[in-house]
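Residue 275 in the numbering used here is what sits at position 159 of the sequence shown, and the numbering runs on without skipping anything. Here a beta-carbon is modelled for each residue, glycine too, at the ideal position from N, C-alpha and C. Okay, structure first, notes after.
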Amino acid sequence: MEQIQRLLIVASTEIQLEASELERATGHQFEIRRVDSVDAARQHFASPYATAWLVDDSLGEGAETELFADLKDVNDCVPFIYVDPSSKPLSGFGPDLPDQVVRSTHDHADLMERIDEILRARVFEPQLAQAITEAAKATIRDSFVPDAELRGSWLRAGQQPVHEVNSTIPFCGPHVSGRLSVSGSRSTLTRIYEATVPGAVAPRDRTLEDLVGEISNQVLGGIKRNLGAGGLDLSIGVPLVYSGPACPVRYRTRSGSLLLHVGGERAPDCLSLDVSFDSLRRSYDPSASLDDDDGAATGVLAFL
């Protein structure tokens, strides 16, 4: 089974936390990136890989509230964990408070428990992640990139990937909601198009948008079939295709998203597939009931 990576950005000069500690405590693979200034932190705001932020007040007076406000403006889905042993009021954050507040730093037990609590709400159950990953890879391999392989997978916080050409499809079902985004560079999509339509003239932008829309449609169809085998039924919306970062659909997930990079000879710089999936039923098991899943989360879908 593929290992899903998690990126924790630590904005602090004092918090000492090792990835190995988190991996032992949570059972998940982590990468930790440390920043020691507000300017350095801002460079990570638009990271498509960030799973969560861990911040204290060591970067300067008011830095934590400034970072919180700025980060939420860029991507308000990213969990923000604030570490403050002084128990001072949180009024400086304004009406929106951090996702978690840790009041003790004497040992890491409470800190790791809070991080784990955030991630448990955002973790794809292994069988669910595997079903989605295998369906996506198989569909791309069968129809578009014969030697397609998974180049990486990340659990992150719902920010859509931004490439040159993109497609987003919302979906919903009795107990699920979410969206699939597929994006790629013009050069990769051109290579895929020329290989699948031999002898065709050089594709225009609209042709590439149609292609990425078809890729997303087929991939989500494969995911639908795989999830249906696990008792999770969903209905698929219409692909919305666009060039550049002006995404017409914003899906604010309260759980997480699974970002996959799939590459091959026709896609040397990879296609990005991003699945935000919220379920009222956590288990990928037809016999599971809603009564067993009181902690499950749902997201909010908005057409802009």
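| query | result |
| --- | --- |
| Member of S269, P195 and A168 whose CA lies at the smallest distance from the CA of I120 | S269 |
| Contacting residues, own chain, Cβ-Cβ under 6 Å from V151 (five flanking each side not counted) | A127 and A157 |
| Simplified DSSP assignment, three categories, for S359 | strand |
| Rounded straight-line distance, which links the Cα of V154 to that of L244 | 37 Å |
| Alpha-carbon spacing of D173 relative to I352, whole angstroms | 45 Å |
| Cβ separation of L356 and S283, assumed to be a contact under 8 Å, to the nearest whole Å | 7 Å |
| Proximity below 8 Å, CB of I256 to CB of V313 | no |
| DSSP bridge partner residues for R295 (one or two, in chain order) | P286 and S392 |
| Close-in-space but distant-in-sequence residues of the same chain around K340 (CB under 7 Å, 5 per side omitted) | L350 and I352 |
| For G210, three-class secondary structure by DSSP | coil |
| Straight-line Cα distance separating Y309 from R140 | 45 Å |
| Stretch pair the region 188-202 + the region 165-172: three plus CB contacts closer than 8 Å | yes |
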